[in-house]
Each structure stands twice: as structure tokens, then as C-alpha cells.
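Participant: In my numbering, the protein residues as written are 15 to 81.
Here it is, the structure, as C-alpha cells.
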């Protein structure tokens, strides 16, 4: 599971436009909507060779600490 996540994480860098780095080390691209972020994740999962909804499930932490 850790390898799969690392592969998707590094694939995501190729999917999202040039981005900064967030407070906790994640990518911080300037996207138009939350939906675009989810689409980018699904694209990265597929490009890494996995199936969204089968190999990976997406979840949202709505209790964000910063916005």
C-alpha cells in the first residue's frame, strides 16, 4: 500500500500544473475548483496503473485546519 501511494504521489506531480508546496509537504497547485483536484487525483491513480474505486478509494477530510 505504501508503494502504491508513493507511485501515485509522484505521478500526481506530472499531472498537476507547476505547483508550490503546502505547509505539510503536499502539492499546492492553483486549481479552479475542488472538483479539479479530485479529477487530478483520479488521473494520477490511472496513470500510475491503478483503478480508482478498486485499487484506491478517495476520502475527504472536511474538518480542515486551514483554508
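Cβ atoms here follow ideal geometry from the backbone N, Cα and C, with glycine treated the same way.
Hey, residue 62 and residue 35: beta-carbon distance below 9 Å or not?
Facilitator: Contact flag unset, no.
Participant: Looking only at C-alpha atoms, which of 24, 48, 43 and 64 sits nearest to residue 75?
Facilitator: Out of 24, 48, 43 and 64, 48 has the C-alpha closest to the C-alpha of residue 75.
Participant: Exposed or buried, residue 73, counting other C-beta atoms within 10 Å across all chains shown (16 or more means buried)?
Facilitator: Result: exposed.
Participant: Please go through the same chain and pick out, in chain order, the residues whose beta-carbon is closer than 7 Å to the beta-carbon of residue 52, but skip the five residues on each side of it.
Facilitator: Same-chain partners within the cutoff: 72.
Participant: Considering only their Cβ atoms, is the gap separating residue 54 from residue 45 smaller than 9 Å?
Facilitator: For residue 45 and residue 54, yes; Cβs fall inside 9 Å.
Participant: Select from 60, 64 and 39 the residue whose C-alpha is nearest the C-alpha of residue 29.
Facilitator: Taking only the C-alpha atoms, the option nearest residue 29 is 60.
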